[in-house]
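Converting from the sequence shown to my numbering requires adding 2 to each position, the first position being numbered 1.
We put the beta carbon where it would ideally sit given N, CA and C, even for glycine.
Quick caveat, the model's predicted, so the values are computed rather than measured.
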Amino acid sequence: MKSVFLIKSPLQLLNAIEAKYCFELNTNDCVLIIMGDRKSQPQILALANKINEWGSVILLNEVSMFRGNPVISEGKVHCIKHDFKSKMLSKSIFNVSRLNRISKYLTNVEYIFIGYYKYVYMRHFMNVTAHKKVVLLDDGTATIKIAEDRKKGVQENNNIIKKMKISGKRLFQGIKDKEKDNLCFFTMYDIVPGRNDTFVKNDFKQLKSQIDLLPVSSEIFFIGAPISETGIMSLDDCLAHLKRVKEYFINSKLVYITHRRDSLEKLGMIENQLNIKVVEFDYPVEYQLGLVGPRPKVVASFISTALDSCRIIFGSKMKILSFRLDFQASPKREVVERLYESYQPHINENFRVISDY
């Protein structure tokens with residue numbers, strides 16, 4: 003039976019690989035549908051081509067809406083078109099038509115693995131494709147909130163603008179976004195699922211089994227996060243915090259690992275004003291540190307899902323530090339504080355939250 007994986011971020015792809023092994027699925031029966039945006043696509047494609055785990059790899063934006071079987075493809079993606087016609091046809095308004103075509107050619111599907119449950123196009127595919135079970139992959143701490151909301155029966159899209167947008171997509175695109183009555187959560191977080199949902203722990207067993215004995219760098223890797231870009235705090239405050247982190251590691255070299263949503267303006271200021279080296283990884287952080295290298299003596303961040311995943315993957319092999327943001331008037335303070343609270347049960351000599359810096 004076929005298993006279909008829909009992903010739109012590098013982390014979702016990494017978790018899809020773990021799920022494939024955890025659920026003991028045959029490579030030839032696994033179909034990967036890549037739905038990433040232009041910022042996510044480079045790392046997604048690099049990892050998909052580095053690890054040949056799929057019978058078919060479908061780049062959604064490249065699917066013809068009129069001819070051919072989109073499921074007949076190799077397990078790798080060789081190129082992406084960037085001409086004007088391709089850019090026009092890559093708009094999300096064509097997602098429904100493309101997903102419908104893919105669904106038409108898929109029969110006997112056992113599992114559908116969803117990278118981000120709130121992404122309506124993934125839910126559309128789930129609703130138009132006959133299957134036996136839906137499994138939700140991790141996409142950061144959003145998994146925790148989704149599980150809590152489902153347990154409490156909280157409805158989505160209470161915001162009037164969001165309601166209008168989804169109504170428009172239903173009317174003009176024919177999108178089907180009905181929620182699933184029962185989900186299986188494949189997650190690294192210790193969630194308590196609702197009555198109709200189930201939970202399978204993702205302990206990154208596959209990645210851990212492949213970790214190479216890489217040389218350890220003396221550098222400190224600081225994992226970036228879109229703090230100013232998402233309105234958690236201003237760019238000036240973000241840079242001020244990062245300057246304090248640099249002073250904390252006064253006797254070590256600090257390297258800033260970019261996040262795909264970091265602005266070019268911020269990265270330029272980090273490099274030129276703070277004199278911190280900026281590096282962009284080819285692969286997701288977890289894979290880069292585990293199998294490619296170099297591996298630092300310390301991984302740090304303000305807030306990042308990678309802190310949780312690296313804690314699970316590397317254990318005592320790596321020191322992990324979270325630097326607490328010091329802010330008062332942020333509209334997203336409550337959300338950030340919940341993240342720091344989620345770190346507390348895991349505090350030990352290798353995983354710490356730093357407040358005094």
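For residue i, the three-state DSSP class (helix, strand or coil)
{"i": "residue 239", "result": "helix"}
{"i": "residue 324", "result": "strand"}
{"i": "residue 314", "result": "helix"}
{"i": "residue 274", "result": "helix"}
{"i": "residue 73", "result": "coil"}
{"i": "residue 9", "result": "strand"}
{"i": "residue 294", "result": "helix"}
{"i": "residue 184", "result": "coil"}
{"i": "residue 29", "result": "helix"}
{"i": "residue 307", "result": "helix"}
{"i": "residue 268", "result": "helix"}
{"i": "residue 54", "result": "coil"}
{"i": "residue 178", "result": "coil"}
{"i": "residue 86", "result": "Reliability of the predicted coordinates at residue 86 is poor, the pLDDT of 41 falling under 50, and the value obtained from them is presented with this limitation in mind. Residue 86 falls in the helix class under three-state DSSP."}
Proximity winner among the options, relative to residue i (alpha-carbon distances)
{"i": "residue 243", "options": "115, 47, 359, 290", "result": "359"}
{"i": "residue 284", "options": "296, 274, 275, 278", "result": "296"}
{"i": "residue 23", "options": "255, 188, 149", "result": "188"}
{"i": "residue 200", "options": "20, 135, 31, 341", "result": "135"}
{"i": "residue 161", "options": "169, 94, 213", "result": "169"}
{"i": "residue 216", "options": "194, 138, 269, 299", "result": "299"}
{"i": "residue 245", "options": "104, 276, 131, 233", "result": "276"}
{"i": "residue 140", "options": "265, 304, 20", "result": "20"}
{"i": "residue 345", "options": "303, 334, 319", "result": "303"}
{"i": "residue 197", "options": "184, 10, 207", "result": "184"}
{"i": "residue 209", "options": "34, 349, 286, 255", "result": "286"}
{"i": "residue 103", "options": "32, 119, 72", "result": "72"}
{"i": "residue 154", "options": "26, 194, 205, 322", "result": "194"}
{"i": "residue 273", "options": "31, 241, 252, 101", "result": "241"}
{"i": "residue 175", "options": "147, 56, 99", "result": "99"}
{"i": "residue 186", "options": "230, 138, 192, 206", "result": "138"}
Alpha-carbon spacing of residue i relative to residue j, whole angstroms
{"i": "residue 247", "j": "residue 223", "result": "11 Å"}
{"i": "residue 347", "j": "residue 293", "result": "28 Å"}
{"i": "residue 351", "j": "residue 64", "result": "48 Å"}
{"i": "residue 357", "j": "residue 338", "result": "14 Å"}
{"i": "residue 83", "j": "residue 289", "result": "Here the model assigns residue 83 a pLDDT of 46, short of 50, so the residue's position is not dependable and the matter cannot be decided."}
{"i": "residue 167", "j": "residue 15", "result": "28 Å"}
{"i": "residue 85", "j": "residue 316", "result": "Here residue 85 scores only 43 on pLDDT, less than 50, and its place in the model should not be relied on; the value that follows carries that caveat. Computed Cα separation, rounded: 42 Å."}
{"i": "residue 87", "j": "residue 353", "result": "Low confidence applies to residue 87: its pLDDT is 44, below 50, so where it sits in the model is not reliable, and the reading given next is rough at best. Rounded to the nearest angstrom, the two C-alpha atoms are 49 Å apart."}
{"i": "residue 60", "j": "residue 110", "result": "18 Å"}
{"i": "residue 12", "j": "residue 261", "result": "11 Å"}
{"i": "residue 172", "j": "residue 258", "result": "42 Å"}
{"i": "residue 149", "j": "residue 95", "result": "29 Å"}
{"i": "residue 91", "j": "residue 66", "result": "Its pLDDT being 48, under 50, residue 91 is placed unreliably by the model, and the measurement read from it follows with that caveat. Rounded to the nearest angstrom, the two C-alpha atoms are 9 Å apart."}
{"i": "residue 213", "j": "residue 340", "result": "31 Å"}
{"i": "residue 70", "j": "residue 62", "result": "14 Å"}
{"i": "residue 269", "j": "residue 131", "result": "42 Å"}
{"i": "residue 320", "j": "residue 97", "result": "41 Å"}
{"i": "residue 250", "j": "residue 322", "result": "14 Å"}
{"i": "residue 40", "j": "residue 328", "result": "32 Å"}
{"i": "residue 264", "j": "residue 42", "result": "12 Å"}
{"i": "residue 230", "j": "residue 271", "result": "13 Å"}
Start-to-end residues for the alpha helix (DSSP H) that takes in residue i
{"i": "residue 298", "result": "It is not in any alpha helix (DSSP H) - residue 298 instead sits in the beta strand (DSSP E) that spans 297-303."}
{"i": "residue 337", "result": "335-345"}
{"i": "residue 167", "result": "162-174"}
{"i": "residue 36", "result": "Premise fails: residue 36 lies in the beta strand (DSSP E), 32-36, not in any alpha helix (DSSP H)."}
Enclosing beta strand (DSSP E) for residue i [first to last residue]
{"i": "residue 13", "result": "Segment 12-24 is the alpha helix (DSSP H) holding residue 13; no beta strand (DSSP E) there."}
{"i": "residue 58", "result": "58-61"}
{"i": "residue 354", "result": "353-356"}
{"i": "residue 329", "result": "Element bounds for residue 329: n/a, residue is neither H nor E."}
{"i": "residue 41", "result": "Neither: residue 41 is in no beta strand (DSSP E) and is coded neither H nor E."}
{"i": "residue 280", "result": "279-281"}
Heavy atom of the ligand GDP within 7 Å of residue i beta-carbon
{"i": "residue 270", "result": "Questions concerning the ligand GDP fall outside what the structure shown contains, since it holds no ligand whatsoever."}
Cutoff 8 Å: residue i Cβ touching any chain B Cβ
{"i": "residue 326", "result": "Judged by its chain identifiers, the structure shown contains no chain B, having just a single protein chain."}
List in chain order: all unbroken beta strand (DSSP E) runs of 3+ residues lying wholly within the region 93-153. Here the runs fully enclosed are 111-116, 135-139.
In chain order, what are the residue ranges of uninterrupted alpha helix (DSSP H) at least 4 long that sit wholly in the region 194-258? Correct list: 207-212, 237-250.
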